[in-house]
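The opening position of the sequence shown corresponds to residue 1 in UniProt numbering, with each subsequent residue numbered one higher.
Cβ coordinates follow ideal geometry from the N, Cα and C atoms, glycine included.
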Amino acid sequence: MKVYTKTGDTGTTALFGGTRVPKHHIRIESYGTVDELNSHIGLIRDQDINALYKNVLIEVQDRLFTVGAILATPPEKEIMKNGQPRLQNLGIVESDIEFLENEIDTMEEALPPMTHFVLPGGHTTVSYCHIARCVCRRAERLAVHLNDIEPTDERVIKYLNRLSDYLFVLARKLSHDLNADEVKWIPRK
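Here it is in structure tokens:
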């Protein structure tokens, strides 16, 4: 199978189920941003960080492929002509969200309470986490926008929301682990 199909040369692409839409369609923007997020998370995983974090990030990347598949499937194509779900055995479940919450709680137990805002940075790996967090927030906003137009699995939005929280706490934890300088944000008077 060739990588190039030439079917998108006119500015359209196919969703799961075959529906063709413009490449600027909100559904494409939604799952394209999730794909971008997945790449940023791969960059974090490629850093010299604790193997535990790497394993969590692999799990997150796997879940993001599922999120992308869900976002790439219009509601009218969720069930195939034979009556079977198009994304059989794929979905985001409450335990996926609870997994992130548990990881957040574990990291926060090892951190001092947050008493101020911090500016992103202090170490390259920490900065990668903040970039991924921002892309995750954009993916969440796009999924919410899509949901305003066509129903979207609410667990996808919830998962993206919790993932951005996880990435924020991971940035704090890595700052702590790497003895990175945290620059406090001090509002101007």
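Extent of the continuous beta strand (DSSP E) run through residue i
| i | result |
| --- | --- |
| residue 13 | 12 to 14 |
| residue 93 | That residue, residue 93, is in no beta strand (DSSP E); it is neither H nor E in DSSP. |
| residue 20 | 20 to 22 |
Residue i versus the options, residue with shortest Cα-Cα distance
| i | options | result |
| --- | --- | --- |
| residue 67 | 47, 136 and 111 | 136 |
| residue 72 | 34, 183, 172 and 189 | 34 |
| residue 18 | 37, 78 and 58 | 78 |
| residue 64 | 184, 183, 159 and 188 | 159 |
| residue 191 | 116, 1 and 6 | Lying before the first or after the last residue shown, residue 191 is absent from the chain, which here runs from 1 to 189. |
| residue 92 | 112, 162, 134 and 111 | 162 |
| residue 24 | 185, 186, 187 and 146 | 146 |
Neighbourhood of residue i by C-beta distance below 7 Å, restricted to the same chain and skipping five residues each side
| i | result |
| --- | --- |
| residue 43 | 128 |
| residue 181 | 122 |
| residue 132 | 37, 40, 41, 44 and 167 |
| residue 82 | none |
| residue 61 | 38, 41 and 42 |
Spatial neighbours of residue i in its chain, beta-carbon cut-off 6 Å, leaving aside the 5 residues before and after
| i | result |
| --- | --- |
| residue 215 | Here the chain covers residues 1 to 189 and nothing more, so residue 215 does not appear. |
| residue 130 | 120 and 171 |
Chain-order list of residues whose beta-carbon lies under 8 Å from that of residue i (same chain, five-residue window excluded)
| i | result |
| --- | --- |
| residue 197 | This structure does not reach residue 197, given that the chain is present from 1 up to 189, and the question cannot be answered. |
First through last residue of the alpha helix (DSSP H) which encompasses residue i
| i | result |
| --- | --- |
| residue 34 | 26 to 45 |
| residue 133 | 124 to 149 |
| residue 156 | 154 to 177 |
| residue 63 | 51 to 71 |
Is the segment 5 to 13 close to the segment 98 to 107, with three or more CB pairs under 8 Å? Output reads no: the segment 98 to 107 does not touch the segment 5 to 13.
Three or more beta-carbon pairs under 8 Å between the segment 46 to 66 and the segment 13 to 30, yes or no? By the Cβ test, the segment 46 to 66 is not in contact with the segment 13 to 30, since fewer than three Cβ pairs between them sit closer than 8 Å.
Using 8 Å as the threshold, is the segment 170 to 189 in touch with the segment 99 to 115, meaning 3 or more CB pairs across them? The segment 170 to 189 vs the segment 99 to 115: in contact.
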